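Note sheet for the following structure.
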Amino acid sequence: MTFFYVILAAIFAVFLVNFVKGLSEPAKMERYHNEFRKYQGETLDLRATEIVSEALIEKLNKALDFDYMEKVNTEFRLKHPRDSQLKVNQAWRELKRYLIMAAVFGKVEMFNSVIDELWHIMLNYRQEYDEFCQVFIGRTIQHHPHSEPVFKPDERTLFDFYYVQLFTVDSHSIQKWGKFFKHDKGLTLLRDFETLELEQLKEKYMRKPTSIQAERTFESFTSQFKENRPMTELNWRKTYDQTDYAAPAYFTYASTDDFDSEFKDIFGNEPNTVSSGSGHADHGGHTGSHDSSSDSSSSCSSCSSCSS
Numbered sequence: 001m002t003f004f005y006v007i008l009a010a011i012f013a014v015f016l017v018n019f020v021k022g023l024s025e026p027a028k029m030e031r032y033h034n035e036f037r038k039y040q041g042e043t044l045d046l047r048a049t050e051i052v053s054e055a056l057i058e059k060l061n062k063a064l065d066f067d068y069m070e071k072v073n074t075e076f077r078l079k080h081p082r083d084s085q086l087k088v089n090q091a092w093r094e095l096k097r098y099l100i101m102a103a104v105f106g107k108v109e110m111f112n113s114v115i116d117e118l119w120h121i122m123l124n125y126r127q128e129y130d131e132f133c134q135v136f137i138g139r140t141i142q143h144h145p146h147s148e149p150v151f152k153p154d155e156r157t158l159f160d161f162y163y164v165q166l167f168t169v170d171s172h173s174i175q176k177w178g179k180f181f182k183h184d185k186g187l188t189l190l191r192d193f194e195t196l197e198l199e200q201l202k203e204k205y206m207r208k209p210t211s212i213q214a215e216r217t218f219e220s221f222t223s224q225f226k227e228n229r230p231m232t233e234l235n236w237r238k239t240y241d242q243t244d245y246a247a248p249a250y251f252t253y254a255s256t257d258d259f260d261s262e263f264k265d266i267f268g269n270e271p272n273t274v275s276s277g278s279g280h281a282d283h284g285g286h287t288g289s290h291d292s293s294s295d296s297s298s299s300c301s302s303c304s305s306c307s308s
């Protein structure tokens, strides 16, 4: 008989918890809506470098309209109730940066499971997602998940190579993506962009087809490798300290034997923990003090997990 009462009490407790949760969820949603409206403006500034076409950023922000973004944001926060809106805005910034890279380049892996989750929620609203992609670049950015563990240092180096040229690298970047150039400095990539002709680079590295704004960004990206960089490299430390612009530091880093000591405050230290990343963008789309201990960074590929 005692056992019967224990079971009954347990059932009642579960019912009570679910009842209270049901009452509190509308209040949570209202709070999340209000906080999103208050801080949404922060998500518009991607802190991109001058390489990224302003028109491309404007198209991204226009395509990801307020109502769609708010729905995705609310669903994400219900799954992560301990995360403040300011923290979620950091994930939005990095997802939008990722989408810029996916619009410009032929293949970009995803290396953060939290950011990928935000992307997956966007995909759950299929009509809105397709409309977003059409307004953004006129093509769907596809997502093909991978469940098996896959270690992809080359793809991670490619991601890092693109990222540090297009965007500032700050503590939020390191927290989300972990250490940059952990596996390789990207010297083969650097050699390609320094020596190949523009049309060859487009054939090998650019997403096709894409928007004219994304193509202009690719052309701007390639042009910096053809220019004389001695003064830029000479002032790399001052440039980074004042602006978080890491490209001049990268060019210096790539030309030295130094893998960590002088540049660890820019590109990060070895992470203490590594968690899974998931998803990648491919041709035709969604096919995909600084501290590098990351809240969800990974150096393995999309929708996979491994220990690097």
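First residue of the sequence shown: 1, per the UniProt record's numbering; consecutive thereafter. Every residue, glycine too, gets a C-beta built ideally from N, C-alpha and C. Please read all numbers here as calculations on a predicted model, not as lab measurements.
| Check | Outcome |
| --- | --- |
| Using the three-state DSSP reduction, which class does Glu109 fall into: helix, strand or coil? | strand |
| Among the candidates Gly106, Gly268, Leu78, whose CA atom is the shortest distance from the CA of Lys204? | Gly106 |
| Taking its Cβ as the centre, do 16 or more other Cβ atoms sit within 10 Å of Gln200, making it buried, or is it exposed? | exposed |
| Given 8 Å as the limit, is there contact between the region 187-197 and the region 118-135, that is, 3 or more CB pairs closer than that? | no |
| Am I right that Thr49 and Arg93 are in contact with their C-beta atoms under 8 Å? What's the rounded C-beta distance? | So it is not a contact: roughly 14 Å between Cβ atoms. |
| Once DSSP output is grouped into helix, strand and coil, what is the label at Ala246? | coil |
| Would you please state the rounded distance, in angstroms, between the beta carbons of Ile137 and Ala103? I believe it to be under 8 Å. | 5 Å |
| Taking the alpha helix (DSSP H) that Val52 belongs to, which residues open and close that run? | Looking at the DSSP string, Val52 is not in any alpha helix (DSSP H), and its letter there is neither H nor E. |
| Within a Cβ cutoff of 6 Å, which residues of the same chain sit near Asn18, ignoring the five residues on either side of it in sequence? | Only weak support is given to the placement of Asn18: the predicted model assigns it a pLDDT of 48, under 50, and the value that follows is read from those uncertain coordinates. Hits under 6 Å: none found. |
| Going by beta-carbon coordinates alone, are Leu95 and Ile115 separated by less than 9 Å? | yes |
| Going along the chain, which residues of its own chain have a beta-carbon closer than 8 Å to the beta-carbon of Pro81, five neighbours each way excluded? | Lys28 |
| Under a three-way DSSP split, which group does Phe193 fall into? | helix |
| Beta-carbon separation of Gln40 and Glu70 under 9 Å? | yes |
| What is the DSSP secondary structure of Phe132, reduced to helix, strand or coil? | helix |
| When you compare each of Ser220, Arg97, Val72 to Ser53 by their alpha carbons, which one comes out closest? | Ser220 |
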